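Some notes on the structure that comes next.
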Amino acid sequence: MDADDYRHKFAEFLSTQPAGADLTYEQIVGAQSRQELGISSLTMIVLLMNYIKKYTNGGVAVRPEWVPRLNDIDGIASVLREIDASAAEPARS
Amino acid sequence: MISDHEDIGIGSFACAFGDVECKPENIPDFEALWETVSFGTDFAEMGCTTYRKMSGPVEDYVVDAVRQTLQASGTAAADVDHLVFATSDPALALLPPDFVESVLLALDLDGCVPHLVSFQRCCSSLTALRHGERLFADPDVTHVVVVTADFMPQDRDRVRSYAIFGDAAASCLLTRTGPGLVRLLSSAVKVDPEGLRGRDTFVSRKDVAERTLSAVLRAGDRRLGQLAKVFAANLHKPLTLFNATSVGLGPDILHFADTLAVYGHCGNADWMINLLDYHERSGIRSGETYLAQSLAPGFYACGLFEGSAP
Chain V
0 MDADDYRHKF AEFLSTQPAG ADLTYEQIVG AQSRQELGIS SLTMIVLLMN
50 YIKKYTNGGV AVRPEWVPRL NDIDGIASVL REIDASAAEP ARS
Chain X
0 MISDHEDIGI GSFACAFGDV ECKPENIPDF EALWETVSFG TDFAEMGCTT
50 YRKMSGPVED YVVDAVRQTL QASGTAAADV DHLVFATSDP ALALLPPDFV
100 ESVLLALDLD GCVPHLVSFQ RCCSSLTALR HGERLFADPD VTHVVVVTAD
150 FMPQDRDRVR SYAIFGDAAA SCLLTRTGPG LVRLLSSAVK VDPEGLRGRD
200 TFVSRKDVAE RTLSAVLRAG DRRLGQLAKV FAANLHKPLT LFNATSVGLG
250 PDILHFADTL AVYGHCGNAD WMINLLDYHE RSGIRSGETY LAQSLAPGFY
300 ACGLFEGSAP
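Protein sequences appear in the order of chains V and X. FYI, numbering that gives the first Met the number 0 numbers position 45 of the first sequence as 44, with every residue one higher than the one before it. FYI, numbering that gives the first Met the number 0 numbers position 246 of the second sequence as 245, with every residue one higher than the one before it.
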């Protein structure tokens, strides 16, 4: 999946969350920043935790380098991509 | 930043919580208030189920906490040289004009010099601790009490985007005559200019946290990996976990969730509440390194401790 695919995956995921209840799929896909969507810092953190829970069963920890990327939609999409990639990595002994 | 008085023991921690147990959901218009600050986030995920409210004047709770501290340490009121009081800016504006006199008189602290530390919001108490320790530069000083209190008269003000506020006072004793429970290795408070302007971001919050944490670790000659436990501020659980993770502190090292559930965010008292709670459950260990952490819009503070109990 490329960056654009992850933009769509974020839109699909957000539409299943309470924070996305008033947003259309097109609004999410077309947005540049989470502020445009009315997503606060707290909401973004909860979304991130819920994404990790849903797609990795809580098996991925937040990485410090992800934090600055959570303000714009491309950054968020790149973080989701890395979460999925981390979950796909074989477990380290 | 670095401690000049490494022989000063800090201990006899005590808390006096608001006496009325309340549920956030019972605050009038709670759902509307929460929606305003949370933008669709489920409150159940925030980790706070109850908070405590003071039904009487705040000075009664301050006196209660200090009295517990003196009793626990077997210290006579006449032996206390200084009392350092810390509170957040909003609570400072609510103190009665005779606040300090009533506290000193109620405790018979006749020879005790009072001090006030504020203007650093919920980070004021860690600065108060450092100030209290520096008072030992006077060789005649043997006992210093540091006490903090934060409270909210209006329940609707308790509901914030970053925490649910509860009421509490907490205190501890600094002495050169005993090891105490911990000693202060270093402390620091730093400013997030964006936060002061109400424009803090993930980046600005991470930046101030990293600057503060690295300053205390450097001054205390410790590494992140040496921390045995972190006494975090009781912000909403996802925020606390995220903030810690963003500077490399994993969730397992934090001690805050149980006290957050019962007491909410008690402003300046959080780190003392969590340190005491941890000690009662697991025991502070001599030689181990502990971190107390506090933050507020515009500020971040850390205190680095070493367990000193014999």
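Where is the CB? At the ideal position from N, CA and C, for every residue including glycine. As the structure is a computational prediction, the values presented were derived from the model and not from experiment.
From the options, residue whose alpha carbon lies closest to that of residue i
i	options	result
X:Ser54	X:Phe304, X:Arg221, X:Ala167	X:Ala167
X:Cys265	X:Ile9, X:His130, X:Gly197, X:Ser87	X:Ser87
V:Arg33	V:Asp1, V:Gly58, V:Leu69	V:Leu69
X:Asp109	X:Val146, X:Gln67, X:Leu115, X:Glu100	X:Glu100
X:Leu303	X:Ser213, X:Asp41, X:Pro250	X:Ser213
X:Gly10	X:Ala300, X:Ser285, X:Cys301	X:Ser285
X:Gln225	X:Tyr262, X:Gly249, X:Lys22, X:Tyr50	X:Gly249
X:Gln70	X:Ile252, X:Asp28, X:Leu106, X:Gly263	X:Leu106
X:Val143	X:Asp78, X:Pro89, X:Gly197	X:Asp78
X:Asn267	X:Thr244, X:Leu195, X:Phe164	X:Phe164
X:Pro89	X:Phe118, X:His114, X:Leu104	X:Phe118
X:Ala136	X:Asp269, X:Ile7, X:Gly282	X:Ile7
X:Leu93	X:Pro152, X:Gly219, X:Glu24	X:Pro152
X:His81	X:Pro96, X:Gly46, X:Cys111	X:Cys111
V:Ser85	V:Leu22, V:Arg62, V:Phe12	V:Arg62
V:Ala87	V:Phe9, V:Val45, V:Asn56	V:Asn56
X:Pro309	X:Pro178, X:His278, X:Asp139	X:Pro178
X:Ser124	X:Ser281, X:Gly306, X:Trp270	X:Trp270
V:Tyr54	V:Val45, V:His7, V:Leu79	V:Leu79
X:Asp59	X:Ala162, X:Leu104, X:Lys22	X:Leu104
V:Glu64	V:Gly58, V:Ile82, V:Leu22	V:Ile82
X:Phe150	X:Leu91, X:Ala43, X:Phe29	X:Leu91
8 Å contact criterion, which residue i and residue j should meet: CB distance rounded
i	j	result
X:Arg175	X:Thr211	Actually they are not in contact, since the Cβ atoms of X:Arg175 and X:Thr211 sit about 27 Å apart, beyond 8 Å.
X:Ser160	V:Leu36	Not quite, the Cβ-Cβ distance comes to about 16 Å (not below 8 Å), so this is no contact.
X:Glu20	X:Arg51	6 Å
X:Ala148	X:Cys14	Their Cβ separation, rounded to whole angstroms, is 10 Å, which puts X:Ala148 and X:Cys14 out of contact at 8 Å.
Proximal residues to residue i (C-beta, below 7 Å), its chain only, five neighbours per side dropped
i	result
X:Thr258	Asn233, Ile272, Asn273, Asp276
X:Ser2	Reliability of the predicted coordinates at X:Ser2 is poor, the pLDDT of 48 falling under 50, and the value obtained from them is presented with this limitation in mind. Counting only Cβ-Cβ distances below 7 Å, and skipping sequence neighbours, we find Glu132, Leu183, Leu184, Ser185.
V:Asn49	Gln16
V:Met43	Arg33, Leu69
X:Ala295	Arg120, Cys121, Cys122
X:Gly247	Leu223
X:His130	Val83, His114, Val116
X:Gly282	none
V:Asp73	Ala2
X:Thr74	His142, Leu172
Beta-carbon gap between residue i and residue j smaller than 8 Å
i	j	result
X:Ala64	X:Val146	yes
X:Lys205	V:Val66	yes
X:Leu180	X:Phe16	no
X:Leu316	X:Ser72	Given that chain X is displayed from residue 0 to residue 309, the structure contains no residue 316 of chain X and the question cannot be resolved.
V:Asp3	V:Gln31	no
V:Ile38	X:Phe38	yes
X:Ala127	X:Val57	no
X:Gln292	X:Phe241	no
X:Lys228	X:Tyr289	yes
X:Thr40	V:Ala18	yes
X:Thr35	V:Ala60	no
X:Val102	X:Val61	yes
X:Gly306	X:Glu287	yes
Beta-carbon contacts of residue i that lie in its chain and below 6 Å, excluding the five residues immediately before and after
i	result
X:Thr48	Ala260
X:Asp191	Asp199, Ser203, Val207, Gly297
X:Lys189	Val207, Arg210, Thr211, Tyr299
V:Tyr5	Ala76, Leu79, Arg80
Close Cβ partners of residue i (< 8 Å) along its chain, the five nearest in sequence each way excluded
i	result
X:Thr200	Glu193
X:Leu32	Ile26, Arg155, Val158
V:Glu11	Tyr24
V:Ser92	Reliability of the predicted coordinates at V:Ser92 is poor, the pLDDT of 43 falling under 50, and the value obtained from them is presented with this limitation in mind. The answer is none, since no qualifying residue turns up.
V:Leu46	Phe12, Leu13, Gln16, Ala18, Ile38
X:Met0	With a pLDDT of 49 at X:Met0, under the threshold of 50, the modelled position of this residue cannot be trusted, and the question is left open.
X:Met45	Ile163, His235, Lys236, Pro237
V:Val28	Arg6, His7, Ala10
X:Gly263	Pro23, Cys47, Thr49, Tyr50, Arg51, Arg157, Ala162, Ile163, Phe164, Gly165, Asn233
X:Phe29	Pro23, Val158
Any C-beta of chain V within less than 7 Å: which residues of the region 216-238 of chain X qualify? His235, Pro237, Leu238
Residues in the region 39-62 of chain V with C-beta within 7 Å of chain X's C-beta atoms, listed in sequence order? Residues are counted here when their Cβ sits less than 7 Å from a Cβ of chain X; for the region 39-62 of chain V these are Ser39, Ser40, Leu41, Thr42, Ile44, Val45, Met48, Ala60, Val61, given in chain order.
At a Cβ cut of 9 Å, what residues of the region 17-44 of chain X count as close to chain V, listed as they run along the chain? Val36, Ser37, Phe38, Gly39, Thr40, Asp41, Glu44
Any C-beta of chain X within less than 7 Å: which residues of the region 9-23 of chain V qualify? Taking 7 Å as the Cβ-Cβ cut-off, the region 9-23 of chain V approaches chain X at Pro17, Ala18, Ala20, given in chain order.
Interface positions of the region 61-83 of chain V facing chain X (Cβ-Cβ less than 9 Å), listed along the chain: So the list reads Val61, Arg62, Pro63, Trp65, Val66, Pro67, Arg68, Leu69, Asn70, given in the order they occur along the chain.
Please name the residues in the region 189-218 of chain X whose beta-carbon is closer than 7 Å to at least one beta-carbon of chain V, in chain order. Thr200, Phe201, Val202, Lys205
Could you run through the region 24-38 of chain V and flag, in chain order, every residue whose CB is less than 9 Å away from some CB of chain X? Residues passing the 9 Å Cβ filter: Gly37, Ile38.
Interface residues of the region 245-258 of chain X facing chain V [CB-CB below 9 Å]: Of all residues in the region 245-258 of chain X, Ser245, Val246, Gly247, Gly249, Pro250 have a Cβ within less than 9 Å of some Cβ in chain V.
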